[in-house]
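Following: one structure in structure tokens, then a few remarks.
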Amino acid sequence: MLGIKNIASYLPQKKVSNYDKKEKFELDDDFIENKIGVKFHCVKEDDEKASDLCVKAFENLVKKTNIDKGTIDCCIVVTQNPDFNIPHTSAIVHGKLELSQECACFDISLGCSGYIYGLSNILSFMKSNGLKNGLLFTSDPYSEIIDHDDKNTDLIFGDGASVTYISENPLYVPKDFSFGTNGKAYKEILCDDKLYMNGRAVFNFTATTIPKHIQKLLVKNNLEDSDIDKYILHQGSKYIVDTIRKRLKVDESKVPFDMYEYGNTISSAVPIILEKELNSNHKRLLLSAYGIGLSWGSTILEKN
Amino acid sequence: MKATVENIKEIIAEAEVLGDANEMKNDIALSEQGIDSLDVVNVYLLIEEKFDVQIPDEDLAQVTTIDAIVEYVNNKLV
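Dropping the structure here:
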């Protein structure tokens, strides 16, 4: 049975403080800590690309688990800030990691919801094609597209990457997935040179759509809140995570909030937290991610 | 249901803003009474849901105070 065998992540050491932007954006500490929930955000070096962050995440994975690179037969990168328009970043990662030539590589162009889609894609693709060992990367270096005069985006996003090792005898296996899209609202988060985000529209979307979407997935699987040990929600902002949690009527202890020191890392936000929960003795986890598109997806993971 | 100062203040309290909603002035902008940009977005969403009205972005300048919100919502409900 294929599933999540291990996860590693990479966060650049260089950090920018939001406290240094208090005057520029007329902020107070409460807003930084309790509303945005980002004290510092990680920024990659100028000469680093998405693929470099993936390679560093993989180096961290190798430190945690024995992996024979020659056995990797699937490599997927979720990104919307690829190294180049052509070719796909997964091919570049494949080359840098010196993976076998008998390895399928492709990218998935999705933002915040990308990890959930990526997880479903890699498992389906591997099962359909008899593959045994896969790597699912997320890497979306937003520092390349941030407008530093835009309060809506400059305070939130951080660079980071993750890699999820998919193999036999996993720790967790997805029980079910659910996905959604509202393409009519695609302009609410848009990058045409620099990133634009309509904060009000994004908040309204997450507050109204996501709690109902999560509830529906639970009902579909005959599960209740008491059956879920942790809800790992996309770290859009502390305000958004708190709002979804309150609307779901879920206890705060079951919804980790973790991005104070590194920011919203887009498709890496969920796997960065999942990595920390992976070796806890949770029976069942619910992952949910939402944003650009507008797109959303959730999955229920069960301990194998 | 018509909008009143009282039920708008209940909604502001429901949004868990800093301070006591009942102590808020009706004719002073919410932003000048400690409600930050995220809280005010939440307040508008709760109003939209409670009264089943839409407050488009281009109308936000019309709903800066509690009195203005009451008038705006009731005009929408007519």
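From first to last, the protein sequence lines are chains B and R.
So for the first sequence, the numbering used here puts the first residue at 458; every next one is plus one.
So for the second sequence, the numbering used here puts the first residue at 566; every next one is plus one.
Here a beta-carbon is modelled for each residue, glycine too, at the ideal position from N, C-alpha and C.
Please read these numbers as outputs of a predicted model, since none were measured by experiment.
*Residue-level contact to chain B via CB, R/V606, 8 angstroms cutoff*: Taking the first residue of the second sequence as 1, we reach residue 606 of chain R at position 41. Yes, R/V606 counts as interfacial toward chain B.
*Less than 8 angstroms between the CB atoms is what I'm expecting for B/I723 and B/Y599, so what's the real figure, rounded?*
To locate residue 723 of chain B, count along the first sequence from 1; it is residue 266. To locate residue 599 of chain B, count along the first sequence from 1; it is residue 142. Contact annotation, B/I723 with B/Y599: C-beta distance approximately 6 angstroms; criterion of less than 8 angstroms satisfied.
*Within the 8 angstroms Cβ cut-off, does B/Y696 reach chain R?*
By 1-based counting over the first sequence, the position of residue 696 of chain B is 239. Closer than 8 angstroms: yes.
*Quick one: give me the first and last residue of the alpha helix (DSSP H) that R/N572 is part of.*
One-based indexing of the second sequence puts residue 572 of chain R at position 7. For R/N572, the uninterrupted alpha helix (DSSP H) run begins and ends at 570 to 579, by DSSP.
*Could you tell me whether the Cβ of R/D622 comes closer than 8 angstroms to any Cβ of chain B?*
One-based indexing of the second sequence puts residue 622 of chain R at position 57. Cβ-Cβ to chain B under 8 angstroms: yes for R/D622.
*Interface partners of R/D592 on chain B, CB under 7 angstroms*: Counting from one through the second sequence, the residue named residue 592 of chain R turns up at place 27. Ordered by position in chain B, no residue passes the 7 angstroms Cβ test against R/D592, which lies about 24 angstroms from the chain.
*Starting from B/I602, follow its DSSP beta bridges and name the residues at the other end.*
Working through the first sequence from its first residue, we reach residue 602 of chain B at position 145. B/I602 is not bridged by DSSP to any residue.
*Quick one: what's got a C-beta closer than 7 angstroms to B/I602's C-beta in the same chain, skipping five residues either side?*
In the first sequence, the residue the question calls residue 602 of chain B occupies position 145. Correct list, in chain order: N538, C648, K651, L652.
*For B/N761, the three-state DSSP class (helix, strand or coil)*: Here residue 761 of chain B corresponds to residue number 304 of the first sequence, with the count starting at 1. DSSP places B/N761 in coil when its eight states are reduced to three.
_Whole angstroms are fine: how far does the CA of B/C562 sit from the CA of B/G527?_
Within the first sequence, the letter at position 70 stands for residue 527 of chain B. Within the first sequence, the letter at position 105 stands for residue 562 of chain B. Cα to Cα, the separation comes out at about 14 angstroms.
*Between the stretch 637 to 662 of chain B and chain R, which residues of the former have a C-beta closer than 9 angstroms to a C-beta of the latter?*
So the close ones are N655, G656, R657, A658, F660, N661.
*Name, please, each residue of chain B whose Cβ falls closer than 7 angstroms to the Cβ of R/D617.*
For this step, residue 617 of chain R is matched to residue 52 along the second sequence. Those within 7 angstroms of R/D617 in chain B number zero; the least Cβ separation is about 13 angstroms.
*Using a Cβ-Cβ cut-off of less than 7 angstroms, list which residues of the stretch 482 to 504 of chain B approach chain R; keep chain order.*
Result list: F488, K492.
*Near B/P631, what residues of its chain come up, given a Cβ to Cβ distance below 6 angstroms and the 5 sequence neighbours on each side ignored?*
Numbered from 1 along the first sequence, position 174 holds the residue referred to as residue 631 of chain B. Excluding residues up to 5 positions away in sequence, T756, L758 lie with their Cβ nearer than 6 angstroms to the Cβ of B/P631 in the same chain.
*Where B/N661 and B/G571 are concerned, what is the direct C-alpha to C-alpha distance, given to the nearest angstrom?*
Reading the first sequence from its first residue, position 204 is the one you call residue 661 of chain B. Reading the first sequence from its first residue, position 114 is the one you call residue 571 of chain B. Whole-angstrom Cα-Cα distance: 20 angstroms.
*Just curious, the beta strand (DSSP E) that B/T621 is in, first and last residue?*
Translated into positions along the first sequence, residue 621 of chain B becomes position 164. It spans 618 to 625 - the beta strand (DSSP E) in which B/T621 sits, taken as one unbroken run.
*asked:* For B/L554, which residues in the same chain have their Cβ closer than 7 angstroms to its Cβ, ignoring the five residues on either side in sequence?
replied: Looking up residue 554 of chain B in the first sequence gives position 97. Here the set comprises V512, F515, K526.
*Might you give, ordered along the chain, the residues of its own chain that have their beta carbon closer than 6 angstroms to the beta carbon of B/F541, omitting 5 neighbours on each side?*
Here the question's residue 541 of chain B lines up with position 84 in the first sequence. Result list for B/F541: empty, nothing under 6 angstroms.
*With DSSP as the reference, please indicate the residues paired to B/G460 in a beta bridge.*
Against the first sequence, residue 460 of chain B aligns to sequence position 3. DSSP, once it has assigned bridges, lists B/S624 as partnering B/G460.
*Contacts that R/L603 makes with chain B (C-beta to C-beta distance below 7 angstroms)*: For the purposes of this step, residue 603 of chain R is taken as the residue at position 38 of the second sequence. Near R/L603 (Cβ distances below 7 angstroms), the residues of chain B are K492, Y696.
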